[in-house]
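Have a look at the structure below, then the notes.
2 protein chains.
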Amino acid sequence: MEFDRIIYNGTVITVNSDFEIIKDGVVGFKDGVIHLVESRKKDITLYDAGEIIDAQGGIVMPGLINAHVHLPMSIFRGLADDLPLAQWLNEYIFPAEQKYISRQTVRIGTLLSCAEMIMSGTTTCCDGYFYEDAVAAAVLETGLRAVLAQGVIDFPAPGVPDPLKNVEAATVFVKQWKNRSSLITPSIFCHSPYTCSTDTLKKAKQAADLLGVLFQIHVAETKQEVEQIQEMHGISPVKYLDSLGVINGNTLISHAVWLDEEDMDVLAGRNARIAHCPESNMKLASGVAPIPDMIETGICVGLGTDGCASNNNLDLFVEMDSAAKLHKVVKGDPTVMDAKTVIKMATIKGAKAIGLGDIIGSLEPGKQADIIIIDTQKPHLTPMYHPESHVVYAVNGADVSDVFVSGKPLVRNYLPINLDVNEIMRQAGSVGLAIKQMTAS
Amino acid sequence: MEFDRIIYNGTVITVNSDFEIIKDGVVGFKDGVIHLVESRKKDITLYDAGEIIDAQGGIVMPGLINAHVHLPMSIFRGLADDLPLAQWLNEYIFPAEQKYISRQTVRIGTLLSCAEMIMSGTTTCCDGYFYEDAVAAAVLETGLRAVLAQGVIDFPAPGVPDPLKNVEAATVFVKQWKNRSSLITPSIFCHSPYTCSTDTLKKAKQAADLLGVLFQIHVAETKQEVEQIQEMHGISPVKYLDSLGVINGNTLISHAVWLDEEDMDVLAGRNARIAHCPESNMKLASGVAPIPDMIETGICVGLGTDGCASNNNLDLFVEMDSAAKLHKVVKGDPTVMDAKTVIKMATIKGAKAIGLGDIIGSLEPGKQADIIIIDTQKPHLTPMYHPESHVVYAVNGADVSDVFVSGKPLVRNYLPINLDVNEIMRQAGSVGLAIKQMTAS
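Listed in order, the protein sequences are those of chains A and B. Going by our numbering, the first residue of the first sequence is number 18, and it counts up by one from there. Going by our numbering, the first residue of the second sequence is number 18, and it counts up by one from there.
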């Protein structure tokens, strides 16, 4: 077979079911699909390929998967920090969203987030926001893979002034984007059980199931939310949502911080998926999700950054580091969340969590060629005993030199291909300036 | 005055007592000393300087200070992770140290750590290890500023086979390096209250006080240590050390994880300084030090990475991020450890903690020109509302473009000056290969 490209001279972290790590590995792909993952058996010039890429002793692995993000919110990065949640939301984020979220700023914020993700090794993300058609159009330009959902909330929202039409707007978005691009998978995102009525939640989930798409929702992010739902409905958020039929194998629950054992049993029993966002949960002081327990129960957990306003970056390598370390110290056990478990969260488990486990998340023949190369010729990545340890505990996004999505190069030798990053930053800077003037006044 | 160099067109985070942030700032220095920090008042060409450096809209701030590190241990980076502390130490770190720590490997590990620190914006570190004369010679080559201490432990140690001579060896080191270079400040480092006898602790502290140097020690890192000292001496590690006269204003206590209120009163009353190492404490599951409480009590707290074997990098920007977020979630309060507090830990408080508060830690006239420039022309640093927020929550070490120590350039436009990083990595890689073969067999 003639491959479009072959990558060699790297340590390949396959993330296949045996978590095979191939020291002098070769990865070959053609027409966007991986056809070869093996230990190099012959001189590299004997492989037949359009291009032969030298990974220079680095790490070759699946592109990372950000299981929960709000792409347009990058324009609010660092707008307000270190504040109580209510003040942060009510005095900064909500007013800024109300005044500055438009189809145009959503486009700019999305391009900015995509530029950041591409340059830090993330090849797929799962987003929920408003003006999602503008998000989708922007993501499509960048070449990233994404699951994208129009937000549903029972308040007037950007682009959806009448909350009575929120589920309809989400449905229209799904229909518009279904089968439009192999890289864009539409989805529906209900904000939360405390911002959506019982009726809205049921209607939105029914629509998602009818359309055969992923249903996303923030659940049990804060203790206050749990208390509020408990007071309103007499049961926990998870049990409340389950009673509405909202939780099943096509439901992605973000955060899931405040769960009791019964909640976990419900999630496991329904085969629900979780997007864990440790840095956002830490920064907002929301709490620590019981992730090691969930994983032990067999629940599928992916890793997300959440939006830039509460992180404040989209670097999944640093997020992996935080995930690994946070749970060790909270559990008082350095053996939990080992490097392999955490890499799986950011790759194959994330893929499964967002419904794309069959096509991405590992380097295996038949899977999409979503591949990154990590340049390990750096002091902070020297020496290298265990590549999986470096990925979690020492690499950061700036070490990613090459990125491919569906076999197409998005970054080569640190330079983004076909993306005018300077122009994106210029436009995002202008939006930031306007917002800054608003908050200063 | 004719300056050697002037940096302009950046936002200057001074970390002076008012934490002044100067938007279009100018920093001028001559003969290694800062003489000018002001808002630009005239055309930059009207300033008289040998070189005028354009920060290109980036952030100009004091070089970061790593208050606790073991430089040579970078050769063990990622050798073993995700293990119980005792197994990690006894099966990996101690055997590797016993077999592979020599004057030569100490030199290579130190150069590797210095390369990493220089390239990620750290200009000063505080180290304790063995063969410290080899550490000092290596640091001197790199141009970094450092407080360096020969380790004291009541076991046969690298270079000190007879524990009875450990305090003597530390004293010899201090005498050799006192006044040898303005960049190297010698110190004495007792490993801990559980690895040094009462007699050793007293003798080492007396020697440090007599020589007028900083005394460093690991204290209350783990719960097991506290229980052990409690069992042996009937009191907590802090109170035990205080009873020996070991704790005073020239004592730097690393970790300080397991403290009760009385311990904190002792530390505050004695004016002791703390080196907080959140990522190491997280990774080893040691616990969470009560840092917000200590700061409230007025205790001076700096920030350290600890050695590379338990982190696994020396990036103080990511360490700041972890410090800020960890305490928020543990305290359940997003307002603790705000960005300014955390930046102070990594700069002026760190400087004070290691005894150099008068000469470094802030950009003010009269202080040493230890200065870094952060390149903010990156998607993940766009837009910029608050530079201090970016420094803590979005920047990582790879964003540092320029580094000066005592006015001397160590990194310009991302390239290390006068340091053969490739050769250092080659040598460290060779050492790593030998260690890998040992652990594999």
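Built from N, CA and C at the ideal position, the CB exists for glycine as well.
Along the chain, where does the beta strand (DSSP E) containing residue i start, and where does it finish?
i	result
residue 301(B)	It is not in any beta strand (DSSP E) - residue 301(B) carries neither H nor E in the DSSP assignment.
residue 28(B)	20 to 30
residue 420(B)	417 to 422
residue 201(A)	201 to 207
residue 271(B)	268 to 272
residue 55(A)	50 to 56
residue 292(B)	290 to 293
residue 216(A)	Where residue 216(A) is concerned, there is no enclosing beta strand (DSSP E), although the alpha helix (DSSP H) it sits in stretches over 215 to 228.
residue 244(A)	Note, residue 244(A): premise wrong, no beta strand (DSSP E); alpha helix (DSSP H) at 240 to 250.
residue 96(B)	Counting along the chain, residue 96(B) falls outside any beta strand (DSSP E), and DSSP gives it neither H nor E.
residue 59(A)	Neither: residue 59(A) is in no beta strand (DSSP E) and is coded neither H nor E.
residue 70(A)	66 to 71
residue 459(B)	Because chain B in this structure spans residues 18 to 458, residue 459(B) falls outside the shown range and cannot be described.
List the residues of chain B whose Cβ lies closer than 7 Å to the Cβ of residue i, in chain order.
i	result
residue 100(A)	351, 352
Identify the continuous alpha helix (DSSP H) that holds residue i and give its terminal residues.
i	result
residue 183(A)	183 to 194
residue 385(A)	Unbroken run through residue 385(A): none, as it is neither H nor E.
residue 437(B)	No alpha helix (DSSP H) contains residue 437(B), which DSSP labels as neither H nor E.
residue 312(A)	308 to 313
residue 279(B)	278 to 286
residue 113(A)	111 to 117
residue 407(A)	404 to 410
residue 255(A)	254 to 260
Within 8 Å (strictly less), CB to CB, does residue i reach chain B?
i	result
residue 32(A)	no
residue 394(A)	yes
residue 263(A)	no
residue 406(A)	yes
residue 449(A)	yes
residue 215(A)	no
residue 400(A)	yes
residue 446(A)	yes
residue 305(A)	yes
residue 403(A)	yes
residue 136(A)	yes
residue 438(A)	yes
What residues of chain A sit near residue i, judged by a beta carbon separation below 8 Å?
i	result
residue 146(B)	Those within 8 Å of residue 146(B) in chain A number zero; the least Cβ separation is about 18 Å.
residue 410(B)	95, 98, 300, 328, 329, 330
residue 132(B)	396
In chain B, which residues lie less than 8 Å from residue i when you measure between Cβ atoms?
i	result
residue 429(A)	Going along chain B, no residue has its Cβ under 8 Å from residue 429(A), so there is no contact; the nearest lies around 17 Å.
residue 355(A)	98, 99
For residue i, go through chain A and note every residue whose CB falls closer than 9 Å to its CB, in chain order.
i	result
residue 139(B)	None at all; the shortest Cβ gap to chain A is about 11 Å.
residue 413(B)	330, 332, 335, 413, 414, 415
With a threshold of 8 Å between beta carbons, is residue i in contact with chain A?
i	result
residue 342(B)	yes
residue 94(B)	yes
residue 129(B)	yes
residue 187(B)	no
residue 391(B)	no
residue 425(B)	no
residue 160(B)	no
residue 345(B)	yes
residue 339(B)	yes
Closer than 7 Å to a non-hydrogen atom of the ligand GTP - does that hold for the CB of residue i?
i	result
residue 94(B)	Absence of the ligand GTP is noted for the structure shown, with no ligands found whatsoever.
Name the chain B residues that come within less than 9 Å of residue i, Cβ to Cβ?
i	result
residue 441(A)	396, 399
Identify the contact partners of residue i in chain A, using a Cβ-Cβ distance below 7 Å as the criterion.
i	result
residue 453(B)	402
Hey, which unbroken runs of the alpha helix (DSSP H) at 4 residues or more fall wholly within the stretch 129 to 169 of chain B? Qualifying alpha helix (DSSP H) stretches, in chain order: 149 to 159.
Which residues, taken in chain order from the stretch 217 to 238 of chain A, show a beta carbon closer than 8 Å to some beta carbon of chain C? In summary, chain C is missing from the structure at hand, where the protein chains are A and B.
Contacting positions in the stretch 310 to 336 of chain B - beta carbon closer than 9 Å to chain A: Within the stretch 310 to 336 of chain B, those residues whose Cβ lies closer than 9 Å to any Cβ of chain A are, in chain order, 325, 328, 329, 330, 331, 332, 335.
By the 8 Å beta-carbon criterion, what residues does the stretch 291 to 303 of chain B contribute toward chain A? So the close ones are 296, 298, 299, 300, 301, 302, 303.
In chain order, which beta strand (DSSP E) runs of at least 3 residues are fully inside the stretch 324 to 398 of chain A? Correct list: 388 to 391.
Interface positions of the stretch 67 to 94 of chain B facing chain A (Cβ-Cβ less than 7 Å), listed along the chain: Only those residues of the stretch 67 to 94 of chain B whose C-beta falls short of 7 Å from the nearest C-beta of chain A are listed: 92, 94.
When you check each C-beta in the stretch 359 to 376 of chain B against every C-beta of chain A, which residues fall closer than 7 Å? Of all residues in the stretch 359 to 376 of chain B, none places a beta-carbon less than 7 Å from a beta-carbon of chain A.
Scan the stretch 246 to 272 of chain A for residues whose Cβ lies nearer than 8 Å to a Cβ of chain B and list them as they occur along the chain. Look at the stretch 246 to 272 of chain A: it has no residue with a C-beta under 8 Å from a C-beta of chain B.
With 9 Å as the limit, tell me which residues of the stretch 27 to 59 of chain A have their beta carbon closer than that to any beta carbon of chain B; keep them in chain order. Close to chain B, meaning a Cβ-Cβ distance shorter than 9 Å, is no residue of the stretch 27 to 59 of chain A at all.
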